[in-house]
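Trainee: Below you'll find the structure I mean.
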Amino acid sequence: MQSQELKFTLKFLDRLGDQLVEQGLISKNQLQDALKEKDKTKKHLGEILLRMNLVSLEDLNEFIAGQLAIPHIDLSSYTIDPEVISLFDEQVARRYKMIPLFKIENAVTVAMADPLDIFALDNVKGMIHFEIEPVIASEQSILKAIDHFFGTRDHLQEMVGEMEKVEEKDPIPEKKPLIKEAEELTDEKPIIKIVNSMIAQAVQEEASDIHIEPENEKVRIRYRVDGFLYDVSSLPKKYHLPIISRIKIQAKMDIGEKRRPQDGKIHLNLDNKEIDLRISTYPVVYGEKMAIRILDLSKAQVRLEQIGLSQENLGIYHQIVKAGAGIILVTGPTGSGKTTTLYATLNHINSGETNITTIEDPIEYQLENVNQGQVDEKAGITFSTALRTILRQDPDVIMVGEIRDKETAELAIQAALTGHLVLSTLHTNDAAGTITRLLDMGIEPFLLSSTIKGVIAQRLVRLICSKCKKPFQPNLELLENLGYEGKSSNLNFFRGEGCQFCRNSGYKGRIGIFELLAVNDRIPELISKKSPSHTINEEAIKAGMIPLRKDGLSKVSQGLTTLDEILRVVGATVKRTPEKTIEK
Numbered sequence: 032m033q034s035q036e037l038k039f040t041l042k043f044l045d046r047l048g049d050q051l052v053e054q055g056l057i058s059k060n061q062l063q064d065a066l067k068e069k070d071k072t073k074k075h076l077g078e079i080l081l082r083m084n085l086v087s088l089e090d091l092n093e094f095i096a097g098q099l100a101i102p103h104i105d106l107s108s109y110t111i112d113p114e115v116i117s118l119f120d121e122q123v124a125r126r127y128k129m130i131p132l133f134k135i136e137n138a139v140t141v142a143m144a145d146p147l148d149i150f151a152l153d154n155v156k157g158m159i160h161f162e163i164e165p166v167i168a169s170e171q172s173i174l175k176a177i178d179h180f181f182g183t184r185d186h187l188q189e190m191v192g193e194m195e196k197v198e199e200k201d202p203i204p205e206k207k208p209l210i211k212e213a214e215e216l217t218d219e220k221p222i223i224k225i226v227n228s229m230i231a232q233a234v235q236e237e238a239s240d241i242h243i244e245p246e247n248e249k250v251r252i253r254y255r256v257d258g259f260l261y262d263v264s265s266l267p268k269k270y271h272l273p274i275i276s277r278i279k280i281q282a283k284m285d286i287g288e289k290r291r292p293q294d295g296k297i298h299l300n301l302d303n304k305e306i307d308l309r310i311s312t313y314p315v316v317y318g319e320k321m322a323i324r325i326l327d328l329s330k331a332q333v334r335l336e337q338i339g340l341s342q343e344n345l346g347i348y349h350q351i352v353k354a355g356a357g358i359i360l361v362t363g364p365t366g367s368g369k370t371t372t373l374y375a376t377l378n379h380i381n382s383g384e385t386n387i388t389t390i391e392d393p394i395e396y397q398l399e400n401v402n403q404g405q406v407d408e409k410a411g412i413t414f415s416t417a418l419r420t421i422l423r424q425d426p427d428v429i430m431v432g433e434i435r436d437k438e439t440a441e442l443a444i445q446a447a448l449t450g451h452l453v454l455s456t457l458h459t460n461d462a463a464g465t466i467t468r469l470l471d472m473g474i475e476p477f478l479l480s481s482t483i484k485g486v487i488a489q490r491l492v493r494l495i496c497s498k499c500k501k502p503f504q505p506n507l508e509l510l511e512n513l514g515y516e517g518k519s520s521n522l523n524f525f526r527g528e529g530c531q532f533c534r535n536s537g538y539k540g541r542i543g544i545f546e547l548l549a550v551n552d553r554i555p556e557l558i559s560k561k562s563p564s565h566t567i568n569e570e571a572i573k574a575g576m577i578p579l580r581k582d583g584l585s586k587v588s589q590g591l592t593t594l595d596e597i598l599r600v601v602g603a604t605v606k607r608t609p610e611k612t613i614e615k
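Counted from 1, the sequence shown has number 603 at position 572 by our numbering; the numbering is strictly sequential.
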């Protein structure tokens, strides 16, 4: 930094508090309190003001940026040049809370949480031998970018390096260790760090699953984020057993059993979040594959208004639930959010005046004031046997995790006929197909027509990343083939360009698309006649049902998701044409 700039920065640093008072961001008394705290702690004034909640981080950054004529950027929507990252060491980046963005000739532009840290600027300049041009970004976004570029892969590789050093003195046996030796290996600090880092990073990236997959010469680690698997790291094969054994011990599983699948669970508190990990092992060619389902318990309180139901469907569904006795079914493939919809429904009707009892496989989230039971086939507890017992427990509402056979379906119908509200799931492609599926199971049509109140079919689609969202115009022919009416110029379409916030995918988060079949006066007649699903579907659409595809396209028009997502999840009924995008 040039001497003139340095003098200006020091002068500004000395007058920061006075200038904040002059701008009306803090009062004189607040400044005096902050200065007293600064003298005690020897911290920067800005840090003290933030800690005392006297100013917000955004206001402080905007103020400093304006006073110093330093740009203030939203790092989460900024595309960082991967090549310039190699100029920095991760420890340096974390110590000074800064990350390089790009290099032009002899100057590197660096995002900093504290651009007034002149000593950090001078030290880094001496390390990389380039001029430093600082911009301001929030500390949280900088640390997230550091995690992204230096993240789990580098952490795990670094920890493996530590183990390699240990192994030089005390080699890991080439042969499979005995159980006792495996337990000793899991107590090694590097193994503990690898496992802890892997889980913490997955939670931070909002992954739903971790996959640990043994291959011939390596162990592949992948995260599932927003429904898609991403490679995270690849470790030497010899670390497979210690990692698996470490997790097994935490989950109270048998580390000596490798030939049969096992299940276990771990409860953690990470960053003030209550997290449940559901562990599943499966023997494959090169050892045991492990899948870890991550359940954030705060998501158990999801409300119906949050899952993606349109206002029209939400109003109809409220009426169906309010009606009380009858069967409500949620259908869709595995991973389509059926359980979330059921939990949201239970949260909607949950009160001190209602006795809600469930039988689930497994219990994903624990709900307050709900009596939740779990399938245990070894103990003879199946959906059907549990349902018989539940009917003797004076329930008002019964949730059955899944209707898998005729016996469970008949018991659910019996419960509905005796005045209970029954919620359950079924695996079918659409709402009308649920009715024909139950008829195919052997359920009598007159029983079905008198108990079914509503069926929801659903899928999950990815949301466009809010940080890199931009408008574009899709191919007109594609729009016409998908059933859009009117001129495309009247429609707004968006896509995500890709940024570090969304792993350059253009998507962040997911939302449901739905079709809600509300049983009217005509549909019971069709059920009694065992009408095919397409006939029931046509009648439901005449009565106002919004088909799954149309609900998805509505969310495209709202700028929530993309045509590609709807085509991926729902599929096309017409031949898809190549799509050209035109920037507006």
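We treat Cβ as the ideally placed atom computed from N, Cα and C, and that holds for glycine.
Please read these numbers as outputs of a predicted model, since none were measured by experiment.
Report all residues from its chain with a CB closer than 8 Å to the CB of C533; omit the five preceding and five following residues, and keep chain order.
Mentor: On the sequence shown, residue 533 is found 502 positions in, with the first residue counted as 1. Cβ within range, chain order: C496, K498, C499, G527 and K539.
Trainee: Quick check on the DSSP output: the beta strand (DSSP E) that includes E164 runs from which residue to which?
Mentor: Here residue 164 corresponds to residue number 133 of the sequence shown, with the count starting at 1. E164 -> beta strand (DSSP E) spans E162 to I167.
Trainee: In this structure, how does DSSP classify H458 when only helix, strand and coil are distinguished?
Mentor: Counted from its first residue, the sequence shown places residue 458 at position 427. Coil.
Trainee: If you follow the alpha helix (DSSP H) that E319 is part of, which residue opens it and which one closes it?
Mentor: By one-based count along the sequence shown, residue 319 stands at place 288. First-last for E319: G318 to D327, but that is the beta strand (DSSP E), not the alpha helix (DSSP H).
Trainee: Sort out for me which residues DSSP pairs N300 with in a bridge.
Mentor: Position 269 of the sequence shown, counted from the start, is the residue given in the question as residue 300. According to DSSP, N300 bridges with E305.
Trainee: Could you check how far apart the C-beta atoms of T388 and Q424 are, in whole angstroms? I think they sit under 8 Å.
Mentor: Along the sequence shown, read from residue 1 onward, the residue named residue 388 stands at position 357. Along the sequence shown, read from residue 1 onward, the residue named residue 424 stands at position 393. Going by Cβ atoms, the distance from T388 to Q424 rounds to 6 Å, so yes, they are a contact pair.
Trainee: Short check: CB of L418 to CB of T439, under 8 Å?
Mentor: As a position in the sequence shown, residue 418 is number 387, starting the count at 1. As a position in the sequence shown, residue 439 is number 408, starting the count at 1. Yes, the Cβ-Cβ distance between L418 and T439 is below 8 Å.
Trainee: Short check: CB of L360 to CB of Y348, under 8 Å?
Mentor: As a position in the sequence shown, residue 360 is number 329, starting the count at 1. As a position in the sequence shown, residue 348 is number 317, starting the count at 1. No, the Cβ-Cβ distance between L360 and Y348 is not below 8 Å.
Trainee: Which first and last residues belong to the alpha helix (DSSP H) in which I444 is found?
Mentor: The residue labelled residue 444 in the question sits at position 413 within the sequence shown. It spans K437 to L448 - the alpha helix (DSSP H) in which I444 sits, taken as one unbroken run.
Trainee: Which of helix, strand or coil does DSSP assign to R251?
Mentor: What you label residue 251 is simply residue 220 of the sequence shown in a count that begins at 1. Strand.
Trainee: Taking Y317 as the reference, which of I104, E343, R290 and I474 has the closest Cα?
Mentor: Working through the sequence shown from its first residue, we reach residue 317 at position 286. Here the closest residue by C-alpha is R290.
Trainee: So the beta strand (DSSP E) V486 belongs to, where does it begin and stop?
Mentor: What you label residue 486 is simply residue 455 of the sequence shown in a count that begins at 1. Residues I483 to I495.
Trainee: By the DSSP assignment, the beta strand (DSSP E) with K134 in it spans what residues?
Mentor: Here residue 134 refers to the residue found at position 103 when the sequence shown is read from its first residue. Here the beta strand (DSSP E) through K134 covers M129 to I135.
Trainee: Do R580 and I597 come within 8 Å of each other at the CB atom, strictly closer than that value?
Mentor: Residue numbering aside, residue 597 sits at position 566 when the sequence shown is read from its first letter. Residue numbering aside, residue 580 sits at position 549 when the sequence shown is read from its first letter. Yes, Cβ-Cβ distance for I597 and R580 is below 8 Å.
Trainee: Checking the sheet assignment: what are the DSSP bridge partners for Y538?
Mentor: Translated into the one-based positions of the sequence shown, residue 538 becomes position 507. Answer is I495.
Trainee: Check each candidate in R493, L373 and S559 and name the one with the smallest Cα separation from D595.
Mentor: Against the sequence shown, residue 595 aligns to sequence position 564. Ranking the options by Cα distance to D595, first place goes to R493.
Trainee: Quick one: what's got a C-beta closer than 6 Å to I159's C-beta in the same chain, skipping five residues either side?
Mentor: Within the sequence shown, the letter at position 128 stands for residue 159. Here the set comprises L118.
Trainee: When we look at the beta-carbon of T420 and count the other beta-carbons within 10 Å, is it buried (16 or more) or exposed?
Mentor: In the sequence shown, counting from the first residue as 1, residue 420 sits at position 389. The residue in question, T420, is exposed, as its Cβ has fewer than 16 Cβ neighbours within 10 Å.
Trainee: Rank F525, E391 and A96 by C-alpha distance to the C-alpha of V406 and give the top, closest one.
Mentor: Locating residue 406 in the sequence shown gives position 375, counting from the first residue. Nearest option by C-alpha distance: E391.
Trainee: Nearest by alpha-carbon distance to A138: which of H242, E319, F525 and E162 is it?
Mentor: Taking the first residue of the sequence shown as 1, we reach residue 138 at position 107. Comparing Cα-Cα distances from A138 to each of H242, E319, F525 and E162, the minimum goes to E162.
Trainee: For a test of the three-state rule: what should DSSP assign to K289, helix, strand or coil?
Mentor: By 1-based counting over the sequence shown, the position of residue 289 is 258. Of the three classes helix, strand and coil, the one that applies to K289 here is coil, per DSSP.
Trainee: Excluding the 5 residues flanking L479 on each side, which residues of the same chain have their C-beta closer than 8 Å to its C-beta?
Mentor: Position 448 of the sequence shown holds residue 479. These residues qualify, in order along the chain: I444, I466, L469, L470 and I558.
Trainee: Tell me whether the stretch 229-237 and the stretch 250-265 touch, counting them as touching only if at least three CB pairs, one residue from each stretch, are closer than 8 Å.
Mentor: Yes, since at least three Cβ pairs between the stretch 229-237 and the stretch 250-265 fall closer than 8 Å, the two stretches touch.
Trainee: Just to confirm my understanding: we take E433, look at its own chain, exclude 5 residues before and 5 after, and list those with CB closer than 6 Å. What are they?
Mentor: Counting from 1 along the sequence shown, the entry for residue 433 is found at position 402. These residues qualify, in order along the chain: T456.
Trainee: For N344, I'd like the list of residues in its chain whose CB is within less than 8 Å of its CB, leaving aside the five on either flank, ordered along the chain.
Mentor: Sequence index remark: in the sequence shown, residue 344 carries index 313 (1-based). So the qualifying residues of the chain are F545, L547, I577 and D582.
Trainee: Tell me which residue opens and which closes the alpha helix (DSSP H) that M65 is part of.
Mentor: Position 34 of the sequence shown, counted from the start, is the residue given in the question as residue 65. It should be pointed out that residue 65 corresponds to Ala in this sequence rather than to Met. First-last of the alpha helix (DSSP H) with A65: K59 to T72.
Trainee: Where does E391 sit, in a helix, a strand or coil, going by DSSP?
Mentor: Start at 1 with the first residue of the sequence shown, and residue 391 comes out as number 360. Strand.
Trainee: Among all the DSSP beta bridges, which residues are the ones paired with R526?
Mentor: Counting from 1 along the sequence shown, the entry for residue 526 is found at position 495. For R526, which the question treats as bridged, DSSP gives the partners K501.
Trainee: Give the straight-line distance between the Cα atoms of I325 and Q54, rounded to the nearest whole angstrom.
Mentor: By one-based count along the sequence shown, residue 325 stands at place 294. By one-based count along the sequence shown, residue 54 stands at place 23. Spanning the two alpha carbons is a distance of roughly 47 Å.
Trainee: Along the beta strand (DSSP E) that carries Q403, what are the first and last residues, could you check?
Mentor: For this step, residue 403 is matched to residue 372 along the sequence shown. It spans V401 to Q405 - the beta strand (DSSP E) in which Q403 sits, taken as one unbroken run.
Trainee: Between L56 and L76, which are expected to be in contact by the criterion C-beta below 8 Å, what is the C-beta distance as a whole number of angstroms?
Mentor: Locating residue 56 in the sequence shown gives position 25, counting from the first residue. Locating residue 76 in the sequence shown gives position 45, counting from the first residue. With 8 Å as the limit, L56 and L76 do not qualify as a contact, their Cβ atoms being about 12 Å apart.
Trainee: Opposite T312 in the DSSP bridges: which residues?
Mentor: As a working note, residue 312 is residue 281 in the sequence shown. Its beta-bridge partners are Q293 and M321.
Trainee: How far does the alpha helix (DSSP H) with I704 in it extend, from its first residue to its last?
Mentor: Summary: the structure shown does not reach residue 704, with the chain confined to residues 32 through 615, and so no result is reported for it.
Trainee: Once DSSP output is grouped into helix, strand and coil, what is the label at A176?
Mentor: Locating residue 176 in the sequence shown gives position 145, counting from the first residue. In the structure shown, A176 sits in a helix (DSSP, three-state: H, G or I).
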